[in-house]
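**Student:** To start, I am sharing the structure in question, which I have written as structure tokens.
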Amino acid sequence: MRKEIINKYKINFENRIDKFNKIDKFPIMEEGYLSLFLYGWNSRHITENLLPDIEQALLDSNSEFENGNEVISILIYQNNVIFYHFDDPPFSIPTVDFKEIVIGWRDFLLQRPLDGTKRSFLFLLKFFISSLVCESRILA
-19 MRKEIINKYK
-9 INFENRIDKF
1 NKIDKFPIME
11 EGYLSLFLYG
21 WNSRHITENL
31 LPDIEQALLD
41 SNSEFENGNE
51 VISILIYQNN
61 VIFYHFDDPP
71 FSIPTVDFKE
81 IVIGWRDFLL
91 QRPLDGTKRS
101 FLFLLKFFIS
111 SLVCESRILA
């Protein structure tokens, strides 16, 4: 994802450990609608459902695609994507920016550790060792 998109929307994708000791991936952004929307998608559904809608909208100025999850509904047009959350005022972003963010989220979901992976002792040991190596390079 381009740095200007990351900065514009203050994007940060994070791996967190849930109470069941599993990896949970979170999209953190200044705009909460965008975060809530992305969190509800897995990589397969992004590739099979969401990206084709975005691509089609970008190609056809007369098209309108409705999509969403349990919390956020969106309308995808050629030039912008409008987010709806109950009775709140709608929020919109350019469709080309939305596509890049969606691809970035999908790619993050496919990176190790994978979403839902049980955190193991070996994982923690590797993480701890890599942290020590990074810290020793900084101090050197």
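Residue numbers (our numbering): -19 to 120.
Even glycine gets a Cβ: it sits at the ideal position worked out from N, Cα and C.
(1) Residue ranges of each beta strand (DSSP E) run of no fewer than 3 residues wholly in the region 6 to 86, ordered along the chain?
(2) Grouping DSSP H, G and I as helix and E and B as strand, with all else coil, what is Asn1?
(3) Do the CB positions of Ile26 and Arg(-18) come within less than 8 Å of each other?
(4) For Glu50, collect the residues of the same chain with a Cβ closer than 8 Å to its Cβ; drop the 5 residues on either side in sequence, then sort them by chain order.
(5) Quick one: Cα of Ser116 to Cα of Phe(-7), how far?
(6) When you compare only the Cα positions, how much space is there between Glu11 and Asn42?
(7) Between the alpha carbons of Ser53 and Glu46, how many angstroms are there, rounded?
(8) Excluding the 5 residues preceding and the 5 following Leu90 in the sequence, name in chain order all residues of the same chain whose CB lies nearer than 7 Å to its CB.
(9) Quick test of your reading: Pro32 and Leu18, contact by CB under 8 Å. State the CB separation rounded to the nearest angstrom.
(10) Would Ile56 be called buried (16 or more neighbouring beta carbons within 10 Å of its own) or exposed?
(11) To which residues does DSSP link Phe(-7) through a beta bridge?
(12) Taking a contact to mean a Cβ-Cβ separation below 8 Å, would you say Lys(-10) touches Phe88 in this structure?
**Tutor:** For this structure:
(1) If we require 3 residues or more, the beta strand (DSSP E) runs fully inside the region 6 to 86 come out as 45 to 48, 53 to 56, 60 to 64, 71 to 74.
(2) Asn1 falls in the coil class under three-state DSSP.
(3) No, these two residues do not count as a Cβ contact at 8 Å.
(4) Only Gly20 meet the Cβ criterion.
(5) Confidence at Ser116 is low in this model, with a pLDDT of 47, below 50, so its placement is unreliable and no value can be given for it.
(6) So the alpha carbons of these two residues sit roughly 27 Å apart.
(7) Approximately 7 Å between the Cα atoms of the pair.
(8) In chain order, Ser23 place their CB closer than 7 Å to the CB of Leu90, counting only its own chain and leaving out the 5 sequence neighbours on each side.
(9) In this structure Pro32 does not touch Leu18 by the C-beta definition: roughly 17 Å separates them, more than the 8 Å allowed.
(10) With 16 or more Cβ atoms within 10 Å of its Cβ, Ile56 is classed as buried.
(11) In the DSSP output, where bridge partners are listed per residue, Phe(-7) has Pro7.
(12) Not closer than 8 Å, so no.
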